[in-house]
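Residue numbers (this note's numbering), protein chains in the order written: chain A, 1151 to 1451; chain B, 1151 to 1451.
Structure below.
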């Protein structure tokens, strides 16, 4: 395995502050593991972090679309420049190249500790399977959504998002920080084992595959006119079947799920997604049998 | 009693959205009480609400300091103009005068359902005592803090804040909404009873009197360098004694409460107060014997 450097990003969204503190704490605590892999810890969006907001001009975690080299003209959108900077600096062809990117996020939804991967890259499967095997974490496989592209980790050959909630924006929560500390340590352990060929992949990977998102009920002016139904609140990853309540609107009318397909919802009521017109996303469960090729591809990184 | 009109304000902070929905729902539901009192429901800061932020230029709930008449020049701060508008419109000498103002807020701190009053106005005591008697709610009496002035309800002859948490900014929570609905109904019931001389005050009022606020540990650059200690998280209203942990900083050092006076903390870790350099506020408990004069003053409104 040729992995030399791994990028750990916190604060890609400036108001998700617990990962930033977790990284600070992690760096302070004794760290005995060292198999020749260097870790680069960076705050994704330091300006937004300073201001306590998600982003300045645009969502950084949707800004990794067309990366340009340093020499090209500055964009008027701060996050486009920041995405360019991060890739030019830490991307696989950057000045301090990292082979893997781990992006640490929090959500206001009750997702617990979960993993998000983008598309079906074997290298990501490998890392995700190891973490799932260790902790039983749910994995959200995001794919085929034209409205949602340009995620940070997609700009690296291997990478995943650690998504932990529920926690409010800008709110420090020691329990959430502890969960990040456990994940960061474990990730480093697993990668060290991989580096030393000490790893055995679990037989399968269970993923929740993105099927699309739904919006809140809205009034004629386009304003949100419905709440997540109490039966749905905090029920991320819990199956929904036809007839189950989704929202109730300002007229007291209950809006129900009306399709036959069973679905598992995620990011229920995520505050930051209101502007994206997402009240929750739908997923379906899929079991993927693991393949030796996953480790081989990972080793070729 | 001469109370004719009561102002119910939600969304004084634009990202505290549950009260806005509660009022919407309250207006929709059947409402049989009507003893000749009119209720005026208004969104305090509609522009901030639309943008999903606490305020545009400055905290509206600190902007009721020097109210000017309509004819005077516009201020460059949106919230100053808005405060002027609200008082000119709904103040005791306004065009649609209201004698009482009830201001509905949420907090990210684990305060439960609580009441905030400003100073020791007997009319407020009267209303607060009735609510406390009904629900056992804790009351935060805010006074003598030069750094915190210009609260909305202070611009009315009688008024109080209903403060409910913990709930994240911009996050709809049906449980929080239900709590507001209960309080709004009860307030209306109690005021109707007062209007019909059906009220008997409880013997005493228990208040938590503001003693000051403390900031987070900060580093040499002035950045926050410590978290609320896990033993303190969500422990609003719970007594602190000398030696109890308050924070732990990035060096892992625990900062402890070092005074002899017993204190009861409130607004622990409130997200919106970071910019005010408040990690929590200290209160002391005080029991005030109720007096007939409270009702008399209320009746003279």
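Just so it is clear, CB atoms sit at the ideal spot from N, CA and C, and this is done for glycine as well.
Please read all numbers here as calculations on a predicted model, not as lab measurements.
Determine the DSSP secondary structure at residue 1435/A, reduced to helix, strand or coil. Strand.
Would you kindly check if the distance between the Cβ of residue 1287/B and the Cβ of residue 1267/B is under 7 angstroms? The criterion of a C-beta distance shorter than 7 angstroms is not satisfied by residue 1267/B and residue 1287/B.
Residue 1355/B in three-state terms, based on DSSP: For residue 1355/B, the secondary structure class from DSSP, reduced to helix, strand or coil, is strand.
Assuming residue 1229/A and residue 1195/A form a contact by the criterion Cβ under 8 angstroms, report the distance between their Cβ atoms to the nearest whole angstrom. Between the beta-carbon of residue 1229/A and that of residue 1195/A there is about 7 angstroms, and that keeps the pair under the 8 angstroms contact cut.
With a CB to CB cut of under 7 angstroms and the five nearest residues on each side skipped, what residues in its chain are close to residue 1379/B? Cβ contact annotation for residue 1379/B (same chain, cutoff 7 angstroms, sequence separation greater than five): 1395, 1396, 1397, 1398, 1404, in chain order.
Using the DSSP secondary-structure output, state which residues sit across from residue 1415/B in a beta bridge. Paired residues: 1432/B.
With 16 other Cβ atoms within 10 Å as the buried cut-off, status of residue 1269/B: Here residue 1269/B is exposed, its C-beta having fewer than 16 other C-beta atoms within 10 Å.
Amino acids of chain A, ordered along the chain, whose beta-carbon sits closer than 9 angstroms to that of residue 1400/B: Neighbours of residue 1400/B in chain A, taken as residues at a C-beta separation under 9 angstroms, are given in chain order as 1171, 1174, 1175, 1178.
Are the C-beta of residue 1318/A and some C-beta of chain B separated by less than 7 angstroms? At least one chain B Cβ lies under 7 angstroms of residue 1318/A.
Going by CA-CA distance only, name the one from 1154/B, 1226/B, 1212/B, 1235/B that's closest to residue 1192/B. Ranking 1154/B, 1226/B, 1212/B, 1235/B by Cα distance to residue 1192/B puts 1235/B first.
List the endpoints of the continuous alpha helix (DSSP H) containing residue 1447/B. Unbroken alpha helix (DSSP H) run through residue 1447/B: 1442-1449.
Would you kindly report the start and end of the unbroken beta strand (DSSP E) that includes residue 1399/A? From DSSP, the beta strand (DSSP E) with residue 1399/A extends over 1395-1399.
Go through its chain and collect everything with a Cβ distance to residue 1241/B's Cβ below 8 angstroms, but skip five positions before and after it. Excluding residues up to 5 positions away in sequence, 1217, 1247, 1248, 1305, 1306 lie with their Cβ nearer than 8 angstroms to the Cβ of residue 1241/B in the same chain.
Nearest to residue 1314/B by CA position, among 1349/B, 1417/B, 1189/B, is which residue? For the residues 1349/B, 1417/B, 1189/B, the minimum Cα distance to residue 1314/B belongs to 1417/B.
Start-to-end residues for the alpha helix (DSSP H) that takes in residue 1287/B: Unbroken run through residue 1287/B: none, as it is neither H nor E.
Count the C-beta pairs between the region 1158-1172 of chain A and the region 1196-1205 of chain A that are closer than 8 angstroms, then say yes if the count reaches three, no if not. Touching, per the Cβ criterion.
Could you tell me which residues DSSP pairs with residue 1368/B in its beta bridges? Answer is 1374/B.
Can you tell me whether residue 1268/B is helix, strand or coil according to DSSP? DSSP places residue 1268/B in strand when its eight states are reduced to three.
Output needed for residue 1182/A: all residues of its chain with C-beta closer than 7 angstroms, excluding positions within five of it in sequence on either side, in chain order. Note on residue 1182/A: pLDDT 49, under 50, position unreliable in the model; the coordinate value appears next. Taken in chain order, the list of residues that qualify is empty.
Short-range partners of chain A found in the region 1358-1381 of chain B, where Cβ spacing is below 7 angstroms: So the list reads 1377, 1378, 1380, given in the order they occur along the chain.
Do we get a CB-CB distance below 7 angstroms when we pair residue 1266/B with the residues of chain A? Interface criterion not met: the Cβ of residue 1266/B is under 7 angstroms from no Cβ in chain A.
Considering residue 1311/B, what are the terminal residues of the beta strand (DSSP E) in which it resides? It spans 1308-1315 - the beta strand (DSSP E) in which residue 1311/B sits, taken as one unbroken run.
Does residue 1182/A have its Cβ less than 7 angstroms from a Cβ in chain B? Unreliable placement is indicated for residue 1182/A, whose pLDDT of 49 sits below 50; no coordinate value is reported for it.
Is residue 1324/A close to chain B, meaning its C-beta is less than 7 angstroms from at least one C-beta of that chain? Yes - at least one Cβ of chain B is within 7 angstroms of the one on residue 1324/A.
When you check each C-beta in the region 1399-1420 of chain A against every C-beta of chain B, which residues fall closer than 8 angstroms? Taking 8 angstroms as the Cβ-Cβ cut-off against chain B, the residues of the region 1399-1420 of chain A that qualify are 1400, 1401, 1402, 1419.
Residues of chain B with a CB under 8 angstroms from the CB of residue 1321/A: which are they? Under the 8 angstroms cutoff, chain B gives 1258, 1318, 1419, 1421.
Going by the DSSP bridge assignment, what does residue 1155/A pair with across the sheet? BP columns for residue 1155/A point to 1188/A.
What's the C-alpha gap between residue 1325/A and residue 1158/A? Answer to the nearest angstrom: the Cα atoms are 20 angstroms apart.
Sequence-distant residues of the same chain with beta carbon closer than 7 angstroms to residue 1224/A, five excluded per side: Counting only Cβ-Cβ distances below 7 angstroms, and skipping sequence neighbours, we find 1231.
Does the distance from the C-beta atom of residue 1276/A to that of residue 1451/A stay below 7 angstroms? Contact: no.
Just grab the DSSP bridge partners of residue 1255/B for me. The bridge partners DSSP lists for residue 1255/B are 1313/B.
If you follow the alpha helix (DSSP H) that residue 1338/A is part of, which residue opens it and which one closes it? Residue 1338/A -> alpha helix (DSSP H) spans 1324-1345.
Which residues of chain B have a Cβ atom closer than 8 angstroms to the Cβ of residue 1430/A, listed in chain order? Residues of chain B passing the Cβ test: none, with the nearest at roughly 12 angstroms.
Go through its chain and collect everything with a Cβ distance to residue 1422/B's Cβ below 6 angstroms, but skip five positions before and after it. So the qualifying residues of the chain are 1204.
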